[in-house]
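To start, the structure itself, in structure tokens.
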Amino acid sequence: AMAVGSEEIRVSETSGSLPTSIDSVINLDHGDPTMYEKFWREAGDAARLIIPGSQTMSYFSDVTNLCWFLEPEFAAEIRRLHRLVGNAVADKDSYIIVGTGSSQLFQAALYALSTSPEVAGRGGAWPLPVVASAPYYSSYPAATDLLQSGLFRWAGDAVTFKDGREPYIEVVCSPSNPDGFLKTESVASGNGMVIHDLAYYWPQYTAITNPADHDIMLFTASKCTGHAGMRLGWAIVRDRDVARRMIKFIEISTIGVSKDSQLRATKILKTVSDRYEVETTEESAKLFHFGRKTMRDRWRRLQAAVAASNVFSLPIFQPDYCNFMKETTLPFPAFAWLKCEHADIEDCESFLRQKYKILTRGGMHFGADAKHVRVSMLDRDGTFDMFIERLSSIEL
Ligand code: PMP
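Each residue of the sequence shown is one higher than the last, beginning at 98 in the UniProt record's numbering.
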């Protein structure tokens, strides 16, 4: 009864707080990316932005662009960053659409795909099923069914989804929230329309093996630079009509996207890319190097704590060559998909919460079992340190 708010956020009195004492609640329920505050604090003035009162007043950004509320400088920095990192094809003939978080773009994509004129011709019946292979991000079912739309309806695990002959929508989140593995479409049928959620396809979390090149790709500042509060995401879309309908969704729901946020995001992305273009930049001042080093250190400590316990286990990952980092690397996912291996513990989320005041997200939210929990790896250093300390004290 402590948590209120939406499926993903579940705001509670400990959300965003720092545990200060040995018996504080440690809240690792949401993926709040406060780990990155340290990096941006050190960046200081380099990423500061001042907006005069007379600026960003109009609804419009660029009426010559299909996405008329997209700031052109922001689009340019997005394309530049993808070119630098090599994680997605974002050339000039793809459409970039900005959204209030990638959360809005997910809904825009559902709207755009389910209203495709081809659906009826291909024997589709509304509401179109929306599936994802389990374990899937807990917001997908929540966001899909929030308005009980006549256009689309959550249909659960893609792996057990049977009637794959009629049009349906599959969301592929790779690397996956919650378990960190790379994913591809799982329903082997030509009638699937796929939304690729690439929120975590950045070098701090996984090897960048090739530039992703899909029909609809979603990205977010939240997990790339850590600016979740800016509420900015972007979609890279191949098809003009799909792009047009996604833009219409945003036009009708929020008449565009905050220009202040877009200007700030432009500055943030520019700071990231600029630093990679200057040879003398120290590694600690390079965002992906900072992120990767922090994540690697955290995963090593978590793995050591789990190995020393007789209670938990973690997924086993394979290394891959990262074209951006120019080295072979293991994944360091933004979440740990922790499993309680102990026979006496059926509900790992309750066990950690009731006995140890560690708040996590139980497996049931992701279409999985209660033996699993999802733990955020992106909190501040102090919180993570306390988490490891407390986890290490668990003995059964
Ligand atoms: N997709 C995935 C897989 C996520 O984990 C998140 C954030 N938790 C989002 C989308 C939404 O991100 P935002 O709305 O902050 O851009």
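For glycine and all other residues, C-beta sits at the position ideal for the given N, C-alpha and C.
Checklist entry - What's the C-alpha gap between residue 170 and residue 360? => result In the sequence shown, the residue the question calls residue 170 occupies position 73. In the sequence shown, the residue the question calls residue 360 occupies position 263. Straight-line Cα distance between these residues: approximately 8 Å.
Item to check | Beta-bridge pairing of residue 322 - partner residues as DSSP gives them | outcome: One-based indexing of the sequence shown puts residue 322 at position 225. Looking at the DSSP assignment, residue 322 forms no beta bridge with any residue, so it has no partner.
Checklist entry - Hey, is residue 289 close to ligand 1, as in C-beta under 8 Å from one of its heavy atoms? => result What you label residue 289 is simply residue 192 of the sequence shown in a count that begins at 1. No, since every heavy atom of ligand 1 falls outside the 8 Å radius drawn around the Cβ of residue 289.
Item to check | Simplified DSSP assignment, three categories, for residue 100 | outcome: For the purposes of this step, residue 100 is identified with residue 3 of the sequence shown, where counting begins at 1. Its pLDDT being 45, under 50, residue 100 is placed unreliably by the model, and nothing is read from it.
Item to check | Exposed unless 16 or more other CB atoms sit within 10 angstroms - verdict on residue 327 | outcome: If you number the sequence shown from 1, residue 327 lands on position 230. Counting Cβ neighbours within 10 Å, residue 327 comes out buried, since at least 16 surround it.
Next on the checklist: Going by C-alpha to C-alpha distance, which of 158, 248, 344, 304 sits closest to residue 420?
Outcome noted: Along the sequence shown, one-based indexing puts residue 420 at 323. Among 158, 248, 344, 304, the Cα nearest to that of residue 420 belongs to 304.
Item to check | Spatially closest choice to residue 133 from 217, 254, 474, 280, by CA coordinates | outcome: Taking the first residue of the sequence shown as position 1, residue 133 is located at position 36. When each option's Cα is compared against that of residue 133, the closest is 474.
Next on the checklist: Tell me the rounded alpha-carbon separation between residue 487 and residue 412.
Outcome noted: One-based indexing of the sequence shown puts residue 487 at position 390. One-based indexing of the sequence shown puts residue 412 at position 315. If I take the Cα positions, the gap works out to 21 Å.
Checklist entry - According to DSSP, what are the bridge partners of residue 459? => result Residue mapping note: residue 459 aligns to position 362 of the sequence shown, counting from 1. Paired residues: 470.
Item to check | Cutoff 7 Å; reference residue 384; Cβ partners in own chain excluding five residues on either side | outcome: The count along the sequence shown starts at 1 and reaches residue 384 at position 287. 136, 322, 369.
Next on the checklist: Please state whether the Cβ-Cβ distance between residue 469 and residue 427 is less than 9 Å.
Outcome noted: Translated into the one-based positions of the sequence shown, residue 469 becomes position 372. Translated into the one-based positions of the sequence shown, residue 427 becomes position 330. The Cβ-Cβ distance between residue 469 and residue 427 does not fall below 9 Å.
Item to check | Among 312, 161, 179, 372, the one whose alpha carbon lies nearest that of residue 210 | outcome: Position 113 of the sequence shown holds residue 210. Nearest C-alpha to residue 210: 312.
Checklist entry - Just the Cα atoms here: how many angstroms apart are residue 276 and residue 115? => result Locating residue 276 in the sequence shown gives position 179, where the first residue counts as 1. Locating residue 115 in the sequence shown gives position 18, where the first residue counts as 1. Cα to Cα, residue 276 sits roughly 25 Å from residue 115.
Next on the checklist: Cutting at 6 Å between CB atoms, please list the residues of its own chain near residue 293, excluding the five before and the five after it.
Outcome noted: Taking the first residue of the sequence shown as position 1, residue 293 is located at position 196. 269, 311, 314, listed in sequence order.
Item to check | C-alpha distance - residue 387 paired with residue 423, whole-angstrom precision | outcome: Position 290 of the sequence shown holds residue 387. Position 326 of the sequence shown holds residue 423. Between the alpha carbons of residue 387 and residue 423 lies a distance of about 16 Å.
Next on the checklist: What ranges does the beta strand (DSSP E) occupy inside the stretch 329-360, keeping only unbroken runs of at least 3 residues that lie completely in it?
Outcome noted: 329-334
Checklist entry - Which first and last residues belong to the beta strand (DSSP E) in which residue 267 is found? => result Residue mapping note: residue 267 aligns to position 170 of the sequence shown, counting from 1. 265-270 is the extent of the beta strand (DSSP E) around residue 267.
Next on the checklist: Which same chain residues end up closer than 7 Å to residue 476 when comparing Cβ atoms and leaving out the 5 residues on each side of it in sequence?
Outcome noted: Here residue 476 refers to the residue found at position 379 of the sequence shown. Hits under 7 Å: 125, 129, 131, 132.
Next on the checklist: In the DSSP assignment, the alpha helix (DSSP H) including residue 396 goes from what residue to what residue?
Outcome noted: Your numbering for residue 396 matches position 299 in the sequence shown. Start and end: 384-405.
Item to check | Which listed residue (283, 425, 491) has its alpha carbon closest to that of residue 416 | outcome: As a first step, residue 416 is located in the sequence shown; it is residue number 319 there, counting from the start. Minimum Cα distance to residue 416 is reached at 425.
Item to check | Extent of the continuous beta strand (DSSP E) run through residue 417 | outcome: Sequence index remark: in the sequence shown, residue 417 carries index 320 (1-based). Counted as a single uninterrupted DSSP element, the beta strand (DSSP E) harbouring residue 417 occupies residues 417-419.
Checklist entry - Which class does residue 436 belong to by DSSP, given the choice of helix, strand or coil? => result Here residue 436 refers to the residue found at position 339 of the sequence shown. Three-state result, residue 436: strand.
Checklist entry - In or out: residue 168 buried (at least 16 other Cβ within 10 Å) or exposed? => result Within the sequence shown, residue 168 is the residue found at index 71, counting from 1. Here residue 168 is buried. Its C-beta has 16 or more other C-beta atoms within 10 Å.
Checklist entry - Three or more beta-carbon pairs under 8 Å between the stretch 219-231 and the stretch 247-258, yes or no? => result Using a C-beta cut-off of 8 Å, the stretch 219-231 makes contact with the stretch 247-258, since at least three inter-stretch Cβ pairs fall below that distance.
Next on the checklist: Are there any heavy atoms of ligand 1 lying less than 8 Å away from the beta-carbon of residue 458, as far as the coordinates show?
Outcome noted: Reading the sequence shown from its first residue, position 361 is the one you call residue 458. At a threshold of 8 Å, residue 458 does not count as near ligand 1, since its beta carbon sits no closer than that to any of the ligand's heavy atoms.
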